[in-house]
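Working notes for the structure below.
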Amino acid sequence: FPVTIVYRVGYDHILTHNTELCAALAVCALFGLMGSPEPNVVVAANSIKQANFLFSKAGRMILASPYLSKHCEVQRFVIKCRLNSGTINRISADGDGSHGDNPTDVFADELHVWPDNSTLLDALTSGSATRKNATISIITTAGNRKDSLLGQLHFTGLEVKHKFNGAWVEGPLTSTYFE
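Residue numbers for the sequence shown follow our numbering, so the first one is 110 and each next one is one higher.
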């Protein structure tokens, strides 16, 4: 089937507490604000502890809002939206169970500490490929190894940026790259 997908490559960054920003974006995605009518949102991190941290931030944001909490059910392992049957689930790079997911929106936290041999990011991005308007957001602090998973993504982003002069480009993978 025909898919229109865009690369956005640039030299911008946001100086903030990125985990909180990522959790807020996951909540926006849960309500369909990223373009999916029945969102399957995944928050991912290197460890289950970090994935729980991100997941619980999203849950606390929902519970702090009378409107959001009226329309959502925050459970131990899943957050459900009653308006659109959307969900937020958490997953970690140190466990199994990511293959077969078909997420609409992926928020990957602290990629610089993910194992170099982690297949989680590949599993989540390939699962998203079948979804229209799928988004994949990666937040991380800087890493220092060029051969790491983060280093590979960094240099791929630089190649794309150089090739297309930082312009919007249609391509085979949805990716937003900020340096």
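Using N, Cα and C, we set each Cβ at its ideal position, and we do this for glycine too.
Since the structure is predicted, the reported quantities are computational estimates derived from the model, not experimental observations.
Using alpha carbons as the reference points, say which of the options lies closest to residue i.
i    : options                : result
P148 : A243, N161, W223, L258 : A243
A173 : V136, T234, N211       : V136
D214 : P175, N127, G144       : G144
N198 : A232, L163, P224, L230 : L163
P216 : H180, Q261, I247, P175 : Note that residue 216 corresponds to Phe in the displayed sequence, not to Pro. That would be I247, whose Cα lies nearest to the Cα of F216.
Grab me the residues of residue i's own chain with a C-beta within less than 6 angstroms of its C-beta, minus the 5 sequence neighbours each way, in chain order.
i    : result
V222 : N155
I157 : S201
L262 : none
Give me the DSSP bridge partner(s) of residue i.
i    : result
T244 : D214
C181 : C190
T249 : DSSP lists no partner for T249.
R199 : V152
Could you pull out every residue in the same chain whose Cβ sits closer than 7 angstroms to the Cβ of residue i, ignoring the five residues on either side in sequence?
i    : result
S249 : In the sequence as presented, Ser is not what sits at residue 249; that position holds Thr. Closer than 7 angstroms at Cβ, skipping near neighbours: E219, L220, H221, L259.
V183 : G168, I171, L172
H106 : The shown model of the chain, from 110 to 288, leaves out residue 106, and the question about it has no answer.
L267 : none
Would you kindly check if the distance between the Cβ of residue j and the Cβ of residue i is under 9 angstroms?
i    : j    : result
A132 : V152 : yes
L192 : G141 : yes
I245 : T234 : yes
Excluding the 5 residues flanking residue i on each side, which residues of the same chain have their C-beta closer than 8 angstroms to its C-beta?
i    : result
T196 : L139, P148, N149, V150, V187, I188, K189, C190
A160 : V152, A153, A154, R199, I200, S201, D218
P146 : N193
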